[in-house]
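Here the sequence shown stands for residues 2 to 185, where the numbers follow the numbering used here. We put the CB at the ideal spot given by N, CA and C, even for glycine. This report refers to the structure that appears directly beneath it.
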Amino acid sequence: MQCDTALQHGCVGKRRGARHNGDVSAVPSLEPDPADVAAMRLALAEAALAQEHDDVPVGAVVVDAGGVVLGAGHNERELTQDPTAHAEILALRRAAAAVGSWRVLESTLVVTLEPCAMCAGAIVLARVPRVVYGATDPKAGAAGSVLDLLDTPQLNHRPSVVGGVLREDCAELLRAFFRARRGV
């Protein structure tokens, strides 16, 4: 569910709230959670690092309930020539190492771009309870834009999802990157 008014303000997006028995409760808000904004600013800083090696500027952080960063990453596909080197995957690997478990419980993954199918699958498998993203991805988004793997009833884990946090900042970073690549 989307709240157009909230999206215009760059706040809450796709859905918000806990799921109970497969239901999603949407609680639109015109103001983003300050902790989500702070974490998204860290993800944006991480995304900027990707440009240093000509990768698409996507950044992610995994934070615990107190806002402590457990893992961070930015796209490194060009740098490493690894198709799985997405920001979310790298942040999840580092968070899992930090907590000493493949289950990254009691955390929030914050990413500047809506996760793709691969990253959404990793989020589900890592049992991350909450996902916050900035810009939607109308070509490959798997948190509601093209697919919604994060809300697939057949899967054994479904995190709550908030989209649109600092949406314009996240989208502009991507637009500027692609404008520069085209020489515009």
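query	result
Between the CA atoms of Pro33 and Thr85 - distance to the nearest angstrom	30 Å
Distance between Ala92 and Val105 (C-alpha atoms, nearest Å)	11 Å
C-alpha gap between Ala98 and Leu167, whole angstroms	28 Å
DSSP-derived helix/strand/coil call for Arg104	coil
Enclosing alpha helix (DSSP H) for Arg176 [first to last residue]	168 to 183
Asp37 - containing alpha helix (DSSP H), residue span	35 to 51
Coil, strand or helix - Thr81 by DSSP	helix
Assigned secondary structure, Arg131 (DSSP; H/G/I helix, E/B strand, else coil)	strand
Closest Cα partner of Pro116 within the set Gly135, Val100, Glu107, Trp103	Gly135
Beta-bridge pairing of Val69 - partner residues as DSSP gives them	The partner list for Val69 (beta bridge, DSSP) is empty, contrary to what the question assumes.
Residue environment, Val185, which counts as buried when at least 16 other CB atoms sit within 10 Å	exposed
N- and C-terminal bounds of the beta strand (DSSP E) containing Gly164	161 to 164
Reduced DSSP secondary structure (H/G/I, E/B, other) of Leu110	strand
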